[in-house]
Amino acid sequence: MGPPIIGVSDNIRRIKELVEHVAHTGFNTVIFGESGVGKEVIAQNLYQRSPRVGKPFIKINCAALPEGLLESELFGYERGAFTGAEQKRRGKFQLAHGGVLLLDEIGDMSLVLQAKLLHVLQSGEFAPLGSEKDVKTDTWVLAATNHDLKQDISEGKFREDLYYRLNIIKIYVSPLRERPEDIVPLIEYYLAEYSTQLGGTDIIRPTQAVIEKLTTYHWPGNVRELQNVLKRMLVLGECEKIADELFESTGKQQAMRSAASSENSAGAIHSLLDLNGKELSGNNSFSLKEAKKKAVDKVEKEIISYVLKKTDWNRSKASRILKVSYKTLLNKITELNISPPGHGDFQQ
Ligand SMILES: Nc1ncnc2c1ncn2[C@@H]1O[C@H](COP(=O)(O)OP(=O)(O)O)[C@@H](O)[C@H]1O
Ligand SMILES: [Mg+2]
């Protein structure tokens with residue numbers, strides 16, 4: 191199964207400790223973080239240290255399937271439950287019985303399925319599609335997401351009751367750019383790993399200059415992107431050139447981004463006004479006053495969140511920087527629904 195959790199940053203160190211503590215509890219856990227930061231590795235490590243090791247570890251990507259398919263994948267169906275259901279099929283909840291079910295990209299699950307999932311978590315039972323009989327399930331449910339679920343709740347996209355059911359333990363994985371001290375250990379681990387896979391002959395040793403470049407790069411694709419770069423280096427041998435290209439392509443991406451920014455701003459306006467690409471008309475109208483309030487709230491929220499993050503959530507310091515009273519800041523935090531990235535069981 192997956193690799194150990196590699197890293198020496200505070201974030202990774204605390205995650206390793208947490209994994210040790212949580213693995214034997216079977217408490218539902220949500221792992222938050224950008225794509226490629228290692229959420230799945232953490233889920234695998236939880237499983238490997240739990241008493242459920244040896245039982246199934248089943249993963250399902252909730253973003254990859256349309257609602258109907260995801261439902262039948264999760265809960266299974268009886269023969270004849272719908273057109274095309276020629277055979278009875280067991281769902282992931284049945285397959286994961288006794289083991290672990292990782293619900294990847296949980297933030298993309300529809301509200302209808304969220305309700306069904308909540309029911310399973312509450313009762314430990316579910317009925318496959320087309321079946322009258324409930325099936326018992328004993329699965330440790332882990333979830334991963336790159337969404338801010340609190341934000342999704344405030345926008346009505348995620349059920350609050352499900353959030354509290356799933357989120358007994360919260361693990362927040364920082365983006366790789368915020369923990370550059372993990373880059374060298376990851377390089378060492380994966381270069382050794384890939385060299386072995388290639389027969390042990392293709393050892394490369396990146397120079398100090400290359401390592402410096404790799405530690406200053408901002409890694410939008412996180413560890414997954416680092417892995418790809420290392421594989422390219424191993425195969426092509428041109429470490430310096432590949433490291434330089436990373437920065438060139440970022441420059442190009444930035445140029446493309448600014449060229450596309452006028453289109454993006456149309457998109458941003460549509461999403462701000464909940465128009466979702468619809469043509470403007472008498473039916474799809476909006477009040478300028480409300481739109482202005484939404485825009486101001488959004489910008490205010492971003493600014494306050496930024497200052498809170500920079501001050502490690504020291505609210506009196508933040509209020510001085512923002513030149514507002516402490517009380518005003520607290521009111522804004524509540525009103526705009528601002529919360530620390532990993533608040534709860536696992537303080538960041
Ligand atoms: N801390 C880590 N230690 C070892 N491997 C890691 C670590 N973080 C990520 N990886 C590797 O990077 C790749 C992407 O990680 P993954 O867990 O799939 O990310 P996510 O689920 O957050 O998108 C995987 O091959 C994984 O093994
Ligand atoms: Mg993943």
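First residue of the sequence shown? That's 191 in this note's numbering, and the numbers climb one at a time after it. Glycine included, each C-beta is placed from N, C-alpha and C at the ideal position. Since the structure is predicted, the reported quantities are computational estimates derived from the model, not experimental observations.
Ligand 2 and residue i: does any heavy atom of the ligand fall closer than 8 Å to the residue's C-beta?
i: Gly334; result: The amino acid occupying residue 334 in the given sequence is Ala; Gly does not appear at that position. Indeed, a heavy atom of ligand 2 lies less than 8 Å from the Cβ.
i: Asp294; result: yes
What first and last residue would you give for the beta strand (DSSP E) that runs through residue i?
i: Asp294; result: Val290 to Asp294
i: Ile196; result: Unbroken run through Ile196: none, as it is neither H nor E.
So what does DSSP say about residue i, is it helix, strand or coil?
i: Thr598; result: This structure cannot settle anything about residue 598, because the visible part of the chain is limited to 191 through 538.
i: Val243; result: strand
i: Val302; result: helix
i: Phe536; result: Unreliable positioning characterises Phe536 in this predicted model, as indicated by a pLDDT of 42, which lies under 50. The coordinate reading is nonetheless provided below. Three-state DSSP puts Phe536 in coil, outside helix and strand.
i: Glu257; result: helix
i: Phe283; result: helix
i: Asn251; result: strand
i: Phe316; result: strand
i: Phe310; result: It should be noted that the sequence gives Val, not Phe, for residue 310. Reduced to three states, the DSSP call for Val310 is helix.
i: Lys403; result: helix
i: Lys326; result: strand
i: Ser471; result: coil
i: Leu436; result: helix
i: Gly441; result: helix
i: Ser225; result: coil
i: Gly297; result: helix
i: Lys347; result: coil
i: Ser529; result: coil
i: Glu556; result: Residue 556 lies beyond the range of the chain shown here (191 to 538); nothing can be said about it.
i: Ser262; result: helix
i: Glu276; result: coil
Taking the alpha helix (DSSP H) that residue i belongs to, which residues open and close that run?
i: Ile358; result: Element bounds for Ile358: n/a, residue is neither H nor E.
i: Ile202; result: Asp200 to Val212
i: Ala481; result: Leu478 to Lys500
i: Thr219; result: No alpha helix (DSSP H) holds Thr219; the beta strand (DSSP E) holding it covers Thr219 to Phe222.
i: Ala333; result: Looking at the DSSP string, Ala333 is not in any alpha helix (DSSP H); the run it does join, the beta strand (DSSP E), is Trp330 to Thr335.
i: Arg269; result: Where Arg269 is concerned, there is no enclosing alpha helix (DSSP H), given that its DSSP letter is neither H nor E.
i: Ala382; result: Ile373 to Gln387
i: Lys517; result: Tyr516 to Glu525
i: Glu415; result: Asn412 to Leu426
i: Lys229; result: Lys229 to Gln238
i: Gln341; result: Leu339 to Ser344
i: Ser364; result: Note, Ser364: premise wrong, no alpha helix (DSSP H); not H, not E.
i: Arg510; result: Arg505 to Ile511
With a cut-off of 9 Å, does the C-beta of residue i fall near any C-beta of chain C?
i: Ser506; result: The chain inventory of the structure shown lacks chain C, comprising one protein chain alone.
When every heavy atom of ligand 3 is checked, does at least one fall within less than 8 Å of the C-beta of residue i?
i: Asn521; result: No copy of ligand 3 occurs in the structure displayed; its ligands are ligand 1 and ligand 2 alone.
Closer than 5 Å to ligand 1: residues, by C-beta to nearest heavy atom, in chain order: This criterion selects Pro193, Ile195, Ile196, Gly197, Ser225, Gly226, Val227, Gly228, Lys229, Glu230, Val231, Val413 and Arg414.
Taking contact to mean at least 3 C-beta pairs separated by less than 8 Å, is the stretch 226-239 in contact with the stretch 324-336? In the pairwise beta carbon analysis, the stretch 226-239 is classified as touching the stretch 324-336: at least three pairs are separated by under 8 Å.
Under 8 Å, with one C-beta from each stretch per pair, do the stretch 384-395 and the stretch 194-209 reach the 3-pair mark? Counting Cβ pairs under 8 Å, fewer than three are found: no touch.
For the stretch 281-293 against the stretch 264-273, are there 3 or more C-beta pairs whose distance is under 8 Å? Touching, yes.
Whether or not the stretch 245-256 and the stretch 208-225 are in contact is what I'm after, with contact meaning three or more pairs of Cβ atoms, one per stretch, closer than 8 Å; do they touch? Too few Cβ pairs lie closer than 8 Å, so no.
The stretch 399-412 contacting the stretch 370-389, beta-carbon criterion three pairs below 8 Å: The stretch 399-412 vs the stretch 370-389: in contact.
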